[in-house]
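K.L.:
2 protein chains.
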Amino acid sequence: MTRSDDTDETKRQAERFRRVRDAHQSEVAEDYVEMIADLIAQTGEARVVDLSGRLGVTNATVTNTIQRLQRDGLVVSRPYRSIFLTAKGYDLATAARLRHHIVRDFLCSLGVDRETAESDAEGIEHHVSEATLDAFRQHLDLMRKRRA
Amino acid sequence: MTRSDDTDETKRQAERFRRVRDAHQSEVAEDYVEMIADLIAQTGEARVVDLSGRLGVTNATVTNTIQRLQRDGLVVSRPYRSIFLTAKGYDLATAARLRHHIVRDFLCSLGVDRETAESDAEGIEHHVSEATLDAFRQHLDLMRKRRA
DNA sequence: CTGATTTATTAGCCTCGACTAACAATGTTG
DNA sequence: CAACATTGTTAGTCGAGGCTAATAAATCAG
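Those sequence lines, one after another, are chains A and B.
For what it's worth, this note's numbering labels the leading residue of the first sequence as 1, then goes sequentially.
For what it's worth, this note's numbering labels the leading residue of the second sequence as 1001, then goes sequentially.
#1: Are the region 90-98 of chain A and the region 50-70 of chain A touching by the rule of at least three beta carbon pairs closer than 8 angstroms?
#2: Can you check whether the CB of histidine 1126(B) is closer than 8 angstroms to the CB of glutamate 1030(B)?
#3: Taking 8 angstroms as the cut-off, does the region 1016-1027 of chain B touch the region 71-78 of chain A (at least 3 CB pairs, one atom from each stretch)?
#4: Is the distance from the Cβ of leucine 110(A) to the Cβ of histidine 1101(B) below 8 angstroms?
#5: Identify whether alanine 148(A) lies in helix, strand or coil by the three-state DSSP scheme.
#6: Which stretch, first to last residue, makes up the alpha helix (DSSP H) that contains serine 1026(B)?
#7: When every heavy atom of the ligand HEM is checked, does at least one fall within less than 7 angstroms of the C-beta of glutamate 130(A)?
#8: Distance check for serine 1082(B) and glutamate 1034(B), CA to CA, integer angstroms please.
#9: For glutamate 118(A), I'd like the list of residues in its chain whose CB is within less than 7 angstroms of its CB, leaving aside the five on either flank, ordered along the chain.
#10: For the candidate residues Tyr1080(B), Val1075(B), Thr1010(B), whose alpha-carbon lies nearest to that of lysine 1088(B)?
#11: Can you give me the start and stop residues for the alpha helix (DSSP H) that glutamate 115(A) sits inside?
#12: Starting from valine 76(A), follow its DSSP beta bridges and name the residues at the other end.
#13: From the DSSP output, read off the bridge partner residues of alanine 46(A).
#14: Over what stretch of residues does the alpha helix (DSSP H) that includes threonine 61(A) continue unbroken?
#15: Between the C-alpha atoms of glutamate 1122(B) and alanine 1093(B), what's the straight-line distance to the nearest angstrom?
#16: Consider the Cβ of histidine 101(A): report whether some Cβ of chain B lies at a distance smaller than 8 angstroms.
#17: Taking 7 angstroms as the limit between beta carbons, can you name the residues of its chain near threonine 1063(B), skipping five residues before and five after?
#18: Can you grab the Cα-Cα spacing for the pair threonine 1065(B) / tyrosine 1032(B), in whole Å?
#19: Leaving out five residues on either side along the sequence, give the residues of the same chain with a beta carbon under 8 angstroms from the beta carbon of valine 1112(B).
#20: Of all the options Asp1134(B), Arg1147(B), Leu1107(B), which has the alpha carbon lying nearest to the alpha carbon of phenylalanine 136(A)?
#21: Using a Cβ-Cβ distance under 8 angstroms, would glutamate 1030(B) count as near chain A?
#22: Rounding to the nearest angstrom, what Cα-Cα distance links lysine 1011(B) and alanine 1060(B) in this structure?
#23: Among the residues of its own chain, which have a CB less than 7 angstroms from the CB of alanine 46(A), if the five just before and after it don't count?
#24: Chain B partners of alanine 60(A), CB-CB under 9 angstroms?
#25: Are any of the Cβ atoms in chain B nearer than 8 angstroms to that of alanine 41(A)?
#26: Check each candidate in Leu85(A), Gln67(A), Thr86(A), Tyr90(A) and name the one with the smallest Cα separation from proline 79(A).
#27: Leaving out five residues before and five after tyrosine 1090(B) in sequence, what residues of the same chain have Cβ atoms less than 8 angstroms from its Cβ?
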């Protein structure tokens, strides 16, 4: 046995960290498509300046990121035109929004104030597994029934 | 009014995203110091190979990161020697571990299985505000009393 | 105590996601 | 419709955080 043995727990731990790193990879993509979907729903179109304002980054950063998203088949955009979602992008946006709302509502149901819930949900949503999301949903249902 | 008006909500949203980005900045640091503290507590010392095994990255990556942490005053390490925490690093580790455990235990208390709770907590812990952490604590207390 | 094994470091590379500054296209308005 | 304001893109830079390959140091076994 070498000094640093690879126990099962060590491997599981490594796997957990790998998952967190993977989640980080998709975070930006999810945030963008979710916001693009919301913008289209609310204002009819999504433009670079809208995204940069809401994300708190520069136009240049958004243009850059949009190009990556286009490369990855999530959005379509022609130069100087507004941004559209592909079917794939739309699906991702829908899933992201659903998760986002569940996390936010769940935090609210614990008594966390709205703005904090909104803020924390933004970070948390990308790290919530299906199992945990189910638990959140169940808790929400419980609270709703209790109030009824 | 220009096309893309900066409403209050837009500004708040931008602020939320900024906070998430800030949290990302400290994530790696927190994960490292927490793990270093645990290793020292459990095995007497923290070495590069221990960290790389548990984090699921290469030795080179760990060495690199440790240099950054040293630059930031969180750890002390001499070449080919094991790694120590500064007072600042120790404090950060302690705070991180506390949060980590609350998040994990909270998820468990919702009925999420241990391994999933452990895994999700790893990602979630960095995005939980004090207010939300308090809500988690309260919920945990409630569950404990209910069982008693 | 020397040779083999393990561990750590260095060098060089990559992508992502941020920035600024300069420039190009679009849109608005006098 | 021409000038100006707004928006979008490009080019170039940076740090974080990954990687591999080569090398160096430390440790262990015989």
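Ideal Cβ placement from N, Cα and C applies to all residues, glycine included.
P.N.:
With the given structure in hand:
#1: No contact exists between the region 90-98 of chain A and the region 50-70 of chain A.
#2: It is a contact, given that the beta carbons lie within the stated cut-off.
#3: Counting C-beta pairs with one atom in each stretch, the region 71-78 of chain A and the region 1016-1027 of chain B have fewer than three that are closer than 8 angstroms, which means they do not touch.
#4: With contacts defined as CB atoms closer than 8 angstroms, leucine 110(A) and histidine 1101(B) fail to qualify as a contacting pair.
#5: Coil, per DSSP.
#6: That run of the alpha helix (DSSP H) goes 1008-1043.
#7: Of the ligands one can find in the structure shown there are none, so the ligand HEM has no counterpart to examine.
#8: Distance between the alpha carbons of glutamate 1034(B) and serine 1082(B) is about 15 angstroms.
#9: Closer than 7 angstroms at the Cβ level, and outside the excluded window around glutamate 118(A), lie Arg104.
#10: When each option's Cα is compared against that of lysine 1088(B), the closest is Val1075(B).
#11: Counting along the chain, the alpha helix (DSSP H) containing glutamate 115(A) begins and ends at 114-124.
#12: According to the DSSP secondary-structure assignment, valine 76(A) is paired through a beta bridge with Phe84(A).
#13: In DSSP, alanine 46(A) forms a bridge with Ile83(A).
#14: It spans 59-71 - the alpha helix (DSSP H) in which threonine 61(A) sits, taken as one unbroken run.
#15: So the alpha carbons of these two residues sit roughly 14 angstroms apart.
#16: Chain B, which has no Cβ nearer than 8 angstroms to the Cβ of histidine 101(A), makes this no.
#17: By the criterion of a C-beta distance shorter than 7 angstroms, threonine 1063(B) is surrounded in its chain by Val1048, once the five residues flanking it on both sides are discounted.
#18: Their Cα atoms are separated by approximately 9 angstroms.
#19: Excluding residues within five positions, the ones whose Cβ falls inside 8 angstroms are Asp1120.
#20: The alpha carbon of phenylalanine 136(A) has as its nearest neighbour, out of Asp1134(B), Arg1147(B), Leu1107(B), the alpha carbon of Leu1107(B).
#21: It does not: the Cβ of glutamate 1030(B) has no partner Cβ on chain A nearer than 8 angstroms.
#22: Roughly 40 angstroms between the two C-alpha positions.
#23: In the same chain as alanine 46(A), and ignoring 5 residues on each side of it, the C-beta atoms closer than 7 angstroms to its own belong to Ile36, Leu39, Ile40, Ser82, Ile83, in chain order.
#24: Near alanine 60(A) there are no residues of chain B at all, since even the closest Cβ is about 16 angstroms away, more than 9 angstroms.
#25: Alanine 41(A) does not count as touching chain B.
#26: When each option's Cα is compared against that of proline 79(A), the closest is Gln67(A).
#27: The answer, listed in chain order, is Val1033, Ala1037.
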